[in-house]
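No gaps in the numbering here: position 129 of the sequence shown is 129 in full-length UniProt numbering, and each next residue is one more.
Glycine residues also receive a C-beta, built at the ideal position from the N, C-alpha and C atoms.
Working notes, beginning with the structure itself.
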Amino acid sequence: MQAKTLHPIAIRLPALYLGLLCCLLLSSSCESTDTSGAAYARDEEGQREFFPEEVAYTRPGSLIEAIENPSPWVDSVFRTLSPEERIAQLIIIEAFSNKGPKYEADVMNLVKRYKVGGIIYFQGGPVRQAVLNNRLQAASKVPLLISMDAETGVGMRLDSTVQYPFQMMMGAIEDNGLIYRMGAEVAEEFKRLGMHVNFAPVADINNNPQNPIISYRAFGEDKLDVTAKSLAYMRGMQENGIIAVAKHFPGHGDTDVDSHYDLPIIPHDRARLDSLELYPFRELIKHGIGGIMVAHMHMPELDTTMNLPSTLSKPIVTNLLKKKLEFKGLVFTDAMVMKGVTKYFPPGEAEARALIAGNDVLERLNSVPKAIQAIKQAIALGYITQEEIDHRCKKMLAAKAWVGLDRYKPIELENLYEDLNPGIADSTNHALAEAAMTLLNNKKNFLPIRPKKRKRIATLSFGVVRPSIFQREVNKYARIEANFVLSRKANAKEVKQMKQKLRGYDLVVVGLYGPTVTPSNRLGYSKEAVGLVTELARSDRSIMTLFDNPYTLNQFPDIHKSRVLIMAYQAHMHAQVAAAKLLFGKIPARGKLPVSVNGHYQYGHGISKDKPLLAVRP
């Protein structure tokens, strides 16, 4: 049975078009034209620009307070908006700063013609984005709420900027103060780029090793750890003026389907969901999270409607999130272009259903005009009221006021690169990496490596084309006779040649890398390359460090037999530096495995030392 038969929104029925047209004509004749007290004026180029209210207003300490007690600016702006413009304020469109003038003109058209409420930026460069952002803000009737999906900071999307670790690596860290510190620094970078909302943290509990989309983006599998670290990240951002958005409600951790490409089904009963998946979101709500993103998942125990994603479910969004969990902040949909929603619901209908379900903000649409038209039709047919739209529009405006858009200023371009690459960020990255290093094996206390004159040492990195940062760092602490590299796709001949090169070495320091700097679910090693890794693991003359997702340990049979095995989580430069320090006793081993990988390596595994294993002599 199709979901649309159970939710009879007759959005596409031609017979209703004439009635709808009449409704729209009547509503347009009643649109508010009251601009007395409107806080805007026309500048010399004829663009509308909102100026600060002169009424005394103390900015609340949290977004929730700002929504419950909006500033006079909110009402003054709201009165200038037509019913259609109030709908548009609930829409966030995507923008890239690396696609050229024609693409930017299309984005500009959506801003000027439809007066959308905000932008979510993706790939590009900081200066290009700042220039584009200034242009879009200048053209917008109401200042735009600017967002980014930046779980690891702005460097996740923009070149020439700082990227922090993915959450799985931070899940290994016991000092959550470091995560707060990172969140605070991310907030400063956001503000410098004129941005206001970060779609982070990921509050999903990743308890399914086969999860193709959450995995290394989660803090781990333990609900208490995930909650504590999510709170630290949230507070770091929100206490420094950036709206944090926890995702992916009601919990995307236990699925083996990627909602970008299909609709995942979560079959768990309500008791399980209450005790596990919902736990981090419940705690984040109690502690004032400003935003929550709803995922595209089918959860039959919460809503039995066939093929209905949670984003379009009123029992999930309104009854569970807003009423039962008493969330008062902004509810964002996940991207409305994802197959998890578009597989069963076409553009326009999907967005209308999302608002009817109770979402406040629609993110990344297929078609803005189709969405607005469908929502207007849903209002005319009584599936949602204009009053409900108005209420959510005021929530959006209150969020804009809280982040300072009532006193909007363009982004200063001078020293932008320098400001986005501060020394403190590098220091924080080093601290995070060093705290995360997880020592899984250290047989017979082999570490730290003690260089001896007669000991011949070589390094070998799989998956790189030239000696890695890790290899260069290892060379700082010991006399290394050779630095080898081998492709992940190495064939039998290449593996045989490498075996011959490694003969005669007393110790081989091995680095294992995935296909990219970002962690992966599949390393993509050839059978022959896996065979060599396994052979080295079984020997007593090699030590192993994995710079990737801990779940990928399962792709190497017998790696648990390694004399030394270090989990470094990703090929982040700072992780490679930290791993070399750990090998030679320059830093302590403090990390704990945030997930269960197999029978050998369970959640919490990690050989910890409160002090360096052994200080290296200068």
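Worksheet item: Looking only at C-alpha atoms, which of ASN208, ASP360, VAL533 sits nearest to ILE87?
Response: Reading the sequence shown from its first residue, position 87 is the one you call residue 87. Of ASN208, ASP360, VAL533, the residue nearest in Cα terms is ASP360.
Worksheet item: Start and end of the beta strand (DSSP E) containing HIS430?
Response: Against the sequence shown, residue 430 aligns to sequence position 430. Run containing HIS430: none in the beta strand (DSSP E); it sits in the alpha helix (DSSP H), 423-436.
Discussion item. Report the CB separation of MET336 from GLU363 in whole angstroms; it is logged as a contact under 8 Å.
Written reply: Stepping through the sequence shown from its first residue, residue 336 is reached at position 336. Stepping through the sequence shown from its first residue, residue 363 is reached at position 363. Right, the Cβ-Cβ distance comes to about 7 Å (below 8 Å), so this counts as a contact.
Worksheet item: Below 8 Å between beta carbons: does that hold for ALA138 and LYS112?
Response: Walking along the sequence shown from the start, residue 138 turns up at place 138. Walking along the sequence shown from the start, residue 112 turns up at place 112. No. Outside cutoff.
Worksheet item: By how many angstroms is the C-alpha of ARG538 removed from the C-alpha of ALA295?
Response: Counting from one through the sequence shown, the residue named residue 295 turns up at place 295. Counting from one through the sequence shown, the residue named residue 538 turns up at place 538. ALA295 and ARG538: Cα-Cα distance of roughly 43 Å.
Practice prompt. Confirm, please, whether the CB-CB distance from MET148 to GLY183 is below 8 Å.
Written response: If you number the sequence shown from 1, residue 183 lands on position 183. If you number the sequence shown from 1, residue 148 lands on position 148. Against a cut-off of 8 Å, the Cβ pair of MET148 and GLY183 comes out as no contact.
Discussion item. Based on DSSP bridge pairs, tell me the residues matched to PHE484.
Written reply: Counting from one through the sequence shown, the residue named residue 484 turns up at place 484. DSSP, once it has assigned bridges, lists LEU460 as partnering PHE484.
Practice prompt. Please go through the same chain and pick out, in chain order, the residues whose beta-carbon is closer than 8 Å to the beta-carbon of ALA130, but skip the five residues on each side of it.
Written response: Numbered from its first residue, the sequence shown carries residue 130 at position 130. For ALA130, where only same-chain residues beyond five positions count, the Cβ hits under 8 Å are LEU193, GLY194, ILE411, LEU413, LEU416.
Practice prompt. Let me know the secondary structure DSSP gives ARG103 once reduced to three states.
Written response: To locate residue 103, count along the sequence shown from 1; it is residue 103. Inspection of the sequence shows that residue 103 is occupied by Tyr rather than by Arg. Three-state DSSP puts TYR103 in a helix.
Worksheet entry | At least three beta-carbon pairs within less than 8 Å, the stretch 472-481 to the stretch 420-430 | no
Worksheet item: Less than 7 Å between the CB of GLY100 and some heavy atom of the ligand GDP, yes or no?
Response: Of the ligands one can find in the structure shown there are none, so the ligand GDP has no counterpart to examine.
Worksheet item: Nearest to PRO70 by CA position, among ALA378, ASP406, ASP558, is which residue?
Response: Against the sequence shown, residue 70 aligns to sequence position 70. Among ALA378, ASP406, ASP558, the Cα nearest to that of PRO70 belongs to ASP406.
Fill in: Exposure label - LYS501; buried when at least 16 CB within 10 Å
Along the sequence shown, one-based indexing puts residue 501 at 501. LYS501 should be labelled exposed.
Worksheet item: Where do the N-terminal and C-terminal ends of the alpha helix (DSSP H) with GLU528 fall, by residue?
Response: In the sequence shown, the residue the question calls residue 528 occupies position 528. That run of the alpha helix (DSSP H) goes 527-538.
Practice prompt. Give the DSSP-derived three-state secondary structure of HIS600 in the structure shown.
Written response: Here residue 600 is taken as the residue at index 600 of the sequence shown, counted from 1. HIS600: coil per DSSP, three-state reduction.
Discussion item. So if DSSP puts PHE332 in a beta bridge, which residue, or which two residues, is it bridged to?
Written reply: Within the sequence shown, numbered from 1, the residue matching residue 332 stands at position 332. Beta-bridge pairing links PHE332 to MET293, VAL361.
Worksheet item: Could you check where the beta strand (DSSP E) with LYS247 kicks off and where it finishes?
Response: Position 247 of the sequence shown, counted from the start, is the residue given in the question as residue 247. Here the beta strand (DSSP E) through LYS247 covers 243-249.
Worksheet item: Terminal residues of the continuous beta strand (DSSP E) containing ILE92?
Response: Start at 1 with the first residue of the sequence shown, and residue 92 comes out as number 92. Start and end: 91-95.
Worksheet item: Among ALA490, GLU494, ARG503, which one has its Cα closest to the Cα of GLY524?
Response: Position 524 of the sequence shown, counted from the start, is the residue given in the question as residue 524. Minimum Cα distance to GLY524 is reached at ALA490.
Discussion item. Judging by CA-CA distance, which residue of THR438, ILE543, ALA433, LEU507 is the nearest neighbour of LYS455?
Written reply: Residue numbering aside, residue 455 sits at position 455 when the sequence shown is read from its first letter. Of THR438, ILE543, ALA433, LEU507, the smallest CA-CA separation from LYS455 is found for LEU507.
Discussion item. Closest to LEU90 by C-alpha separation, out of GLU351, GLY153, LEU486, ASP222, would be which residue?
Written reply: Within the sequence shown, residue 90 is the residue found at index 90, counting from 1. Per the Cα distances, GLU351.
Worksheet item: DSSP on TYR261, reduced to helix/strand/coil?
Response: As a working mapping, residue 261 is identified with position 261 in the sequence shown. In this structure, DSSP gives TYR261 a state outside helix and strand, which the three-state scheme calls coil.
Discussion item. Mapping the DSSP letters down to three states, classify THR80 as helix, strand or coil.
Written reply: Position 80 of the sequence shown, counted from the start, is the residue given in the question as residue 80. In this structure, THR80 counts as coil in the three-state DSSP scheme.
Worksheet item: Around the Cβ of ILE316, are there at least 16 other Cβ atoms within 10 angstroms (buried) or fewer (exposed)?
Response: Here the question's residue 316 lines up with position 316 in the sequence shown. Looking at its Cβ environment, which holds 16 or more other Cβ atoms inside 10 Å, ILE316 is buried.
Worksheet item: Could you give the distance in angstroms between the alpha-carbon of ILE9 and the alpha-carbon of ALA378?
Response: Here residue 9 refers to the residue found at position 9 when the sequence shown is read from its first residue. Here residue 378 refers to the residue found at position 378 when the sequence shown is read from its first residue. Reliability fails at ILE9, whose pLDDT of 42 lies under 50, so the model's placement of it is uncertain and no value is given.
Item to complete: Check whether the stretch 439-458 touches the stretch 171-180, taking contact to mean three or more Cβ pairs, one atom from each stretch, closer than 8 Å.
Response: no
Worksheet item: Does DSSP put PHE199 in a helix, in a strand, or in coil?
Response: One-based indexing of the sequence shown puts residue 199 at position 199. Residue state, collapsed to three classes: coil.
Worksheet entry | Separation of SER215 from GLY463, as counted between CA atoms | By one-based count along the sequence shown, residue 463 stands at place 463. By one-based count along the sequence shown, residue 215 stands at place 215. Going from the Cα of GLY463 to the Cα of SER215 covers about 21 Å.
Discussion item. Just to confirm before moving on: does the CB-CB distance between ALA458 and TYR505 stay below 8 Å?
Written reply: Within the sequence shown, numbered from 1, the residue matching residue 458 stands at position 458. Within the sequence shown, numbered from 1, the residue matching residue 505 stands at position 505. Yes, the pair counts as a contact, with Cβ atoms nearer than the cut-off.
Discussion item. Between PRO126, TYR569, ASN366, ALA105, which has its C-alpha nearest MET168's C-alpha?
Written reply: Position 168 of the sequence shown, counting from 1, holds the residue named residue 168. Nearest C-alpha to MET168: TYR569.
Worksheet entry | Helix, strand or coil at ILE67 [DSSP, three-state] | In the sequence shown, counting from the first residue as 1, residue 67 sits at position 67. In the structure shown, ILE67 sits in a helix (DSSP, three-state: H, G or I).
Fill in: Spatial distance of GLU388 from LYS323 (CA atoms)
The count along the sequence shown starts at 1 and reaches residue 388 at position 388. The count along the sequence shown starts at 1 and reaches residue 323 at position 323. Taking the straight line joining both Cα atoms gives about 15 Å.
Worksheet item: For GLY511, which of helix, strand or coil comes out of DSSP?
Response: Position 511 of the sequence shown, counted from the start, is the residue given in the question as residue 511. Residue state, collapsed to three classes: strand.
Item to complete: Can you tell me which of ILE607, SER62, HIS600 puts its alpha carbon nearest to the alpha carbon of LYS328?
Response: Position 328 of the sequence shown holds residue 328. Looking at the Cα atoms, SER62 is the closest of the given residues.
Item to complete: Determine the direct distance from the alpha carbon of GLY514 to that of ARG522, and round the result to whole angstroms.
Response: Here residue 522 refers to the residue found at position 522 when the sequence shown is read from its first residue. Here residue 514 refers to the residue found at position 514 when the sequence shown is read from its first residue. When rounded, the distance between both Cα atoms is 8 Å.
Worksheet item: Cα separation between TYR344 and ASN307?
Response: Indexing the sequence shown from 1 puts residue 344 at position 344. Indexing the sequence shown from 1 puts residue 307 at position 307. Rounded to whole angstroms, TYR344 to ASN307 spans 7 Å at the Cα level.
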